[in-house]
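There are 2 protein chains.
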Amino acid sequence: MHGQMMDMPLLISSIIEHAARHHSDTEIVSRRVEGDIHRYTYSDCNKRSKQLANALSASGIKAGNRIATLAWNGYRHMELYYGVGGMGAVVHTINPRLHPDQIAWIVNHAEDSALFFDLSFAPIVQAIADKCPTIKHWVALCDADKTPAISAANDLKNGLTTGVVIDIKSYEAFIAPHSATYHWPEFDERNAVALCYTSGTTGNPKGVLYSHRSTLLHAYGSCLPDAMNVSAKDCILPVVPMFHVNAWGLPYAGPLVGAKLVFPGPMLDGKSVYELFEQEKVTFSAGVPTVWLGILQYVGANKLSFSTLKRTVVGGSACPPSTIATFRDQYGVEVVHAWGMTEMSPLGTLCKLQNKHLNLPVEQQQKLLEKQGHVIYGVDMKVVDDAGNDLPWDGKTYGNLLVRGPWVVKEYFKADGGDPLQYNAQGQGWFPTGDVATIDVDGYMQITDRSKDVIKSGGEWISTIDLENLAVAHPAVAQAAVIGVAHPKWDERPLLIVVKKPDAQVTREELLAFYDGKIAKWWLPDDVAFVEAIPLGATGKILKTKLREMFRDYRLPT
Amino acid sequence: MHGQMMDMPLLISSIIEHAARHHSDTEIVSRRVEGDIHRYTYSDCNKRSKQLANALSASGIKAGNRIATLAWNGYRHMELYYGVGGMGAVVHTINPRLHPDQIAWIVNHAEDSALFFDLSFAPIVQAIADKCPTIKHWVALCDADKTPAISAANDLKNGLTTGVVIDIKSYEAFIAPHSATYHWPEFDERNAVALCYTSGTTGNPKGVLYSHRSTLLHAYGSCLPDAMNVSAKDCILPVVPMFHVNAWGLPYAGPLVGAKLVFPGPMLDGKSVYELFEQEKVTFSAGVPTVWLGILQYVGANKLSFSTLKRTVVGGSACPPSTIATFRDQYGVEVVHAWGMTEMSPLGTLCKLQNKHLNLPVEQQQKLLEKQGHVIYGVDMKVVDDAGNDLPWDGKTYGNLLVRGPWVVKEYFKADGGDPLQYNAQGQGWFPTGDVATIDVDGYMQITDRSKDVIKSGGEWISTIDLENLAVAHPAVAQAAVIGVAHPKWDERPLLIVVKKPDAQVTREELLAFYDGKIAKWWLPDDVAFVEAIPLGATGKILKTKLREMFRDYRLPT
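If you read the sequences in order, they're chains A and B.
With our numbering as the guide, the letters of the first sequence map in order to residues 7 to 564.
With our numbering as the guide, the letters of the second sequence map in order to residues 7 to 564.
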């Protein structure tokens, strides 16, 4: 027997329509590629998204077509989220930090029908235009008078072009002829709304195809007090890029709650972001640890403080405990540790105290807050051994972390790689995250490693992340990475690789002594290697595959 | 093209399963009808809900069957929510304050298969047992040794019984033989989960049949920071009864976020509730204004304060501004005004400040907080004239309030009363709330009256609620109601009906003078009537139909 409640599909168009109706004059502020500041309201955003939907329809774009973007965080990118998704097409955000060959591969795999790009990325368009036959429309996110002239290159390295000039429209010219009157269509909420490829460090990238339903449920979950805790009292600046798992859902969460949004555009250095924080009275932000290090360095060097910023969510990779402590103790800013994946829309866990923790000693609270945290309702998780058996939630036992929920991937786009799920006795599928983690009795999860990075020494596991976090707490260390290197007796032993801070001096022995009393003796790295730079991937994560290659022939001291 | 995300139905069993897995030892504390305090955890609650599901199945209860409850807020009622709903049956909460004849009518209309009741309500069972042929199981919510012996009455007024002893089981005996091992079944999320009848002041009660989907979406929405703002940091005491629109969804919201829950059982007087607040360190509560008046009186008379209570949500009827002010100024407790209906699951709007209001003068903030508030994403609303045309959102223009959303009723149970919706040009159905309201430019709604209560004087509307709120701010007034009475020239004019506080003295002239400068001159009531009591309905609302009957022959002074 069905309930007798209104039956309306969960579509992302309802979010922008809600914001336009009920928070009509709340602002969206964007720093543009041109360098100036652009301001308008949710009402304006909805109107222009509708204009875009009309323009796309007039250009022959149909429901289900993929529309690629190479763009920073900004209001036109926001309009693409809603205009493309709202009309039933799929917004395919591409990470511009990937190599052009990879980008071309992704565009072809997705069979994108159009590509919208910021002027910063004209060189990418030049490089891939000849290789992407499915793209029918190249649209530059700029005013009509800024439309770039780009010739396709077939030999970029040597600067040779085919001489074929690409037909490029400006975004403003593309939407200008079209009406802002448009009724967002109603359709199956399980239809696709967005596509994002994982920046896998091995093999080809894999696409995750989000549905309207999964995106909306994730949006509700992401705003909860124990998650992002965003409200109409907030002014949100997403530093995390809109090309990186939908900026962790903030372009949906913001209008859902009617928060003011501030988009930083291409300028993500500490100074530029800090200035926007202050000018626009930002209360909440989110980004990867490296961004926060940059901001802290700028603020510290200039003896500044944060006058409105209250909370930040840090994710993408583990945030060093020292960064959390600096924000809290020096600046009164709460850093919330978060964990997720492209395959999870992306939020899985966030780390906040609960009622039962409020009377714990501060050190215990801080220790807890270094974990990746507690699931939001909607996500379930467990740790299992290699045979798939459940492991205890004791905060100690390491296992492979599996997740499940309505905003978790079921299979990759075009079912690439077959069925990735592991099934339990009840036939429920669980997604293997590739992370190794512990879960404690209160449900707090802590990543101890990527399953392919964990060091297996004499049958026991050593967490490279723990060793790295301890190393970066040393005042002379700018960056640190730990990898396993072959060892005749123990199979693998840890090697600490360090980038020193400019002008800082520290020796191998001093660094190893720094671990004293903080870890089990047998975890101590066998050696330290000093390097100029540690290779990072397109989303700012340490490329351990590359590091292992670099140190392939390295021999540990005996 | 469908997205490729995990496809799992939104079922309420996933809420209690989430709480049991991820907040396993968080407590549910209940004051029982027996007077003692019962404590257990979400893990226990899930286990016993599963036992109940097994017991119901063994008793022949099938998916879709309606299971009635006559019960206070307590852990066994919670188990009924999850055990009944989780197995696919429908928990039908009945308001025990209704007349037994109405209760029998509702049970028969719903064709309930079983009835679970607190011992307090044994007299109701006695009165209705003979009249409810669909009930196959009568279960008393008590231990086996407390099972009451009840004979059916066919002439309750005169204490005559049929002599037929009703077969009553105790809840504990009912579930004891059954295993706590049970896999919550997966089924269509649009299936019904709960049923609640409106306590309509005219005509027969009408049933609202909630679905799993509507209940879950409402639960997400209700926890948002701008709504109930509940989190795992909270200890929630729902004073609002679980027989009254699912205690505003708190039995779902609590386990969704992992908050500690405290159920007050039958003792809702100021002293009893206050003592639970203090003993259990309650941070958040919710209830109708009359409950809060009782608590304030007790706390004031005994010169107490609230040591942990931070926030309350007040709804059901408009909360007098003076109550909001007393909580804020004397006790540091935030009172959040809320508005909803049985037909809306029930939450529609809540009243909190937004980013743009934070720098307003305090008086303007307070004025704003007296409104019913802003919709949660998921609910849309508008005001229309009698012809259905949209009225402006200017904070002044009154109109009929219509709502729409995935947790709003589509039609009443068994389609009673035909299609209640009003359709717009796009064919979207809107539910007419029966309220008259204004909406301001920021989307804040304020109820000015029930459409049947509003006073139409010389073609203009006068809000009875405004007049009542002003009257109860007078120190001598305990309760106030305003109704329209016939007037030869103006059609209708307002009559103020007042219950004085014990020992308080006030005259007609003093009360009318109290309105000076606070309202338009033509709004001033034409007369004041002092009464001993104002008739209240089963949910504590003023019965204006009754008042109009009482004052049918009343003639205004000329």
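From the three backbone atoms N, C-alpha and C, an ideal C-beta is built for every residue, glycine too.
Please read these numbers as outputs of a predicted model, since none were measured by experiment.
Problem set entry | Secondary structure of B:N235, DSSP reduced to three states | Counted from its first residue, the second sequence places residue 235 of chain B at position 229. In this structure, B:N235 counts as coil in the three-state DSSP scheme.
Exercise. Is B:N361 close to chain A, meaning its C-beta is less than 8 Å from at least one C-beta of that chain?
Worked result: Taking the first residue of the second sequence as 1, we reach residue 361 of chain B at position 355. Output row for B:N361: interface = yes.
Exercise. Mapping DSSP to helix, strand and coil, what is A:C241?
Worked result: Along the first sequence, read from residue 1 onward, the residue named residue 241 of chain A stands at position 235. In the structure shown, A:C241 sits in a strand (DSSP, three-state: E or B).
For this session: Would you kindly check if the distance between the Cβ of B:S220 and the Cβ of B:P412 is under 8 Å?
Result: Within the second sequence, numbered from 1, the residue matching residue 412 of chain B stands at position 406. Within the second sequence, numbered from 1, the residue matching residue 220 of chain B stands at position 214. In this structure, B:S220 lies closer than 8 Å to B:P412 by Cβ.
For this session: Take every Cβ of the segment 478-486 of chain A, pair it with every Cβ of the segment 511-522 of chain A, and state whether three or more of those distances are shorter than 8 Å.
Result: yes
Problem set entry | Spatial neighbours of B:Y203 in its chain, beta-carbon cut-off 6 Å, leaving aside the 5 residues before and after | Counting from one through the second sequence, the residue named residue 203 of chain B turns up at place 197. Closer than 6 Å at Cβ, skipping near neighbours: I112, P211 and G213.
Exercise. Just the Cα atoms here: how many angstroms apart are B:A487 and B:I330?
Worked result: Counted from its first residue, the second sequence places residue 487 of chain B at position 481. Counted from its first residue, the second sequence places residue 330 of chain B at position 324. Approximately 19 Å, taken between the alpha carbons.
Exercise. Listed from N- to C-terminal order along the chain, which residues in the segment 428-444 of chain A have their beta-carbon within a distance smaller than 9 Å of any beta-carbon of chain B?
Worked result: Q432, Q434, G435 and F437
Problem set entry | Contacting positions in the segment 89-112 of chain A - beta carbon closer than 7 Å to chain B | none
Problem set entry | Contact with chain B by A:A526, beta-carbon distance below 8 Å | Here residue 526 of chain A is taken as the residue at index 520 of the first sequence, counted from 1. False, the Cβ-Cβ gap to chain B never drops below 8 Å.
Exercise. Which value, in whole angstroms, describes the spacing of the CA atoms of A:G92 and A:V415?
Worked result: Locating residue 92 of chain A in the first sequence gives position 86, counting from the first residue. Locating residue 415 of chain A in the first sequence gives position 409, counting from the first residue. So the alpha carbons of these two residues sit roughly 21 Å apart.
Exercise. How many whole angstroms separate the CB atoms of B:R37 and B:F269, which I take to be in contact at a CB cut-off of 8 Å?
Worked result: Position 31 of the second sequence, counted from the start, is the residue given in the question as residue 37 of chain B. Position 263 of the second sequence, counted from the start, is the residue given in the question as residue 269 of chain B. That pair is a contact at about 7 Å.
Exercise. Ends of the alpha helix (DSSP H) at B:V368?
Worked result: Here residue 368 of chain B is taken as the residue at index 362 of the second sequence, counted from 1. Looking at the DSSP string, the run of the alpha helix (DSSP H) that includes B:V368 is V368 to L375.
For this session: Using a Cβ-Cβ cut-off of less than 8 Å, give me the residues of the segment 393-419 of chain A that come near chain B, in sequence order.
Result: R410, G411, P412, W413, V414, V415, K416, E417, Y418 and F419
Problem set entry | Simplified DSSP state of B:I109, which is helix, strand or coil | The residue labelled residue 109 of chain B in the question sits at position 103 within the second sequence. Here B:I109 sits in helix by DSSP.
Problem set entry | 9 Å Cβ cut-off: residues of chain B touching A:I21 | As a working note, residue 21 of chain A is residue 15 in the first sequence. Within chain B, the residues near A:I21 are Y383.
Problem set entry | chain B within 8 Å of A:D472, Cβ atoms only | For the purposes of this step, residue 472 of chain A is taken as residue 466 along the first sequence, with counting starting at 1. Closer than 8 Å: no.
Problem set entry | Simplified DSSP state of B:M7, which is helix, strand or coil | The residue labelled residue 7 of chain B in the question sits at position 1 within the second sequence. DSSP places B:M7 in coil when its eight states are reduced to three.
For this session: Leaving out five residues on either side along the sequence, give the residues of the same chain with a beta carbon under 8 Å from the beta carbon of B:C138.
Result: Position 132 of the second sequence, counted from the first residue, corresponds to residue 138 of chain B. Cβ within range, chain order: A110, V113, N114, D118 and L121.
For this session: Can you check the segment 120-202 of chain B for any beta strand (DSSP E) of at least 3 residues that lies completely inside it and give the ranges in chain order?
Result: Whole beta strand (DSSP E) segments, 3+ residues: 120-123, 143-146, 157-161, 166-171 and 174-176.
Exercise. Hey, is A:G264's beta-carbon within less than 8 Å of any beta-carbon in chain B?
Worked result: Position 258 of the first sequence, counted from the start, is the residue given in the question as residue 264 of chain A. Chain B contact via Cβ: present.
Problem set entry | Where the beta strand (DSSP E) containing B:A535 begins and where it ends | Your numbering for residue 535 of chain B matches position 529 in the second sequence. Here the beta strand (DSSP E) through B:A535 covers D533 to F536.
Exercise. According to DSSP, is A:M451 helix, strand or coil?
Worked result: Within the first sequence, the letter at position 445 stands for residue 451 of chain A. In the structure shown, A:M451 sits in a strand (DSSP, three-state: E or B).
For this session: Answer with yes or no whether the minimum CB distance from B:T230 to chain A is below 8 Å.
Result: Taking the first residue of the second sequence as position 1, residue 230 of chain B is located at position 224. A small fix is needed here, since residue 230 of chain B is Leu in this sequence, not Thr. Closer than 8 Å to some Cβ of chain A, the Cβ of B:L230 qualifies, so yes.
For this session: Determine the extent of the beta strand (DSSP E) in which A:F283 is found, giving its start and end residues.
Result: Against the first sequence, residue 283 of chain A aligns to sequence position 277. It is not in any beta strand (DSSP E) - A:F283 instead sits in the alpha helix (DSSP H) that spans G276 to E286.
Problem set entry | Interface flag, A:A198 vs chain B, CB-CB below 8 Å | Numbered from 1 along the first sequence, position 192 holds the residue referred to as residue 198 of chain A. With 8 Å as the cut-off, A:A198 counts as an interface residue toward chain B.
For this session: Indicate whether B:A535 and B:L562 have their beta-carbon atoms separated by less than 8 Å.
Result: Here residue 535 of chain B refers to the residue found at position 529 when the second sequence is read from its first residue. Here residue 562 of chain B refers to the residue found at position 556 when the second sequence is read from its first residue. Inclusion of B:A535 and B:L562 in the CB contact set at 8 Å is not warranted, their separation being larger than that value.
Problem set entry | Sequence-distant residues of the same chain with beta carbon closer than 6 Å to B:S237, five excluded per side | Taking the first residue of the second sequence as 1, we reach residue 237 of chain B at position 231. Answer for B:S237: V263, listed in chain order.
Exercise. Of all the CB atoms in chain B, is at least one closer than 8 Å to the CB of A:L315?
Worked result: Reading the first sequence from its first residue, position 309 is the one you call residue 315 of chain A. With 8 Å as the cut-off, A:L315 does not count as an interface residue toward chain B.
For this session: Scan the segment 266-285 of chain B for residues whose Cβ lies nearer than 7 Å to a Cβ of chain A and list them as they occur along the chain.
Result: K266
Problem set entry | Test item: CB-CB of A:D124 and A:V246 under 8 Å | As a working mapping, residue 124 of chain A is identified with position 118 in the first sequence. As a working mapping, residue 246 of chain A is identified with position 240 in the first sequence. No, these two residues do not count as a Cβ contact at 8 Å.
For this session: Determine the direct distance from the alpha carbon of B:K462 to that of B:D497, and round the result to whole angstroms.
Result: One-based indexing of the second sequence puts residue 497 of chain B at position 491. One-based indexing of the second sequence puts residue 462 of chain B at position 456. Computed Cα separation, rounded: 7 Å.
Exercise. Should the segment 388-403 of chain A be regarded as contacting the segment 445-461 of chain A, the criterion being three or more beta carbon pairs within less than 8 Å?
Worked result: yes
Problem set entry | Buried versus exposed, by CB contacts within 10 Å (16 or more), B:S313 | Sequence index remark: in the second sequence, residue 313 of chain B carries index 307 (1-based). Classification of B:S313: exposed, given that the 10 Å Cβ count is below 16.
Problem set entry | Unbroken stretches of the beta strand (DSSP E), 3 residues or longer, contained in the segment 332-405 of chain A | 340-346, 353-356, 379-381 and 386-390
Exercise. For B:I172, which residues from the same chain have a beta carbon less than 6 Å from its beta carbon, with the 5 sequence-adjacent residues on both sides left out?
Worked result: Counting from one through the second sequence, the residue named residue 172 of chain B turns up at place 166. Taken in chain order, the residues that qualify are A135, W144, I156 and A158.
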